[in-house]
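Asks: Here it is: the structure, laid out below.
In the numbering used here, the protein residues as written are 27 to 115.
Right under this line is the structure:
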């Protein structure tokens, strides 16, 4: 039987994702994207930023981007507690 490890706080936190899409969406789309924060960058692209619980939830967000007919530019993830720039996937 494998050893039992008590859950730590780090395992309870969802990683923070930054999803960059071509084109502009305003903050009114935030609820549709599960509460992610929407911001426009200096190039006129939209950044969706926030915690995403798991791979299934990530695929759901990416499906919504596809359904809007918008081009996906990048997906970056920052693990909980990580202070530096998110890493590219």
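Beta carbons: idealized from backbone N, C-alpha and C, even for Gly.
May I ask you to list the residues that DSSP assigns as paired with residue 54?
Replies: For residue 54, which the question treats as bridged, DSSP gives no partner whatsoever.
Asks: Exposed or buried, which one is residue 48 when buried takes at least 16 other CB atoms within 10 Å?
Replies: exposed
Asks: When we look at the beta-carbon of residue 64 and count the other beta-carbons within 10 Å, is it buried (16 or more) or exposed?
Replies: Label assigned to residue 64: buried.
Asks: What is the rounded straight-line gap between the Cα of residue 44 and the Cα of residue 75?
Replies: Each residue's CA atom was taken as its position, placing residue 44 and residue 75 some 5 Å apart.
Asks: Cβ atoms of residue 87 and residue 98: under 8 Å apart, would you say?
Replies: no
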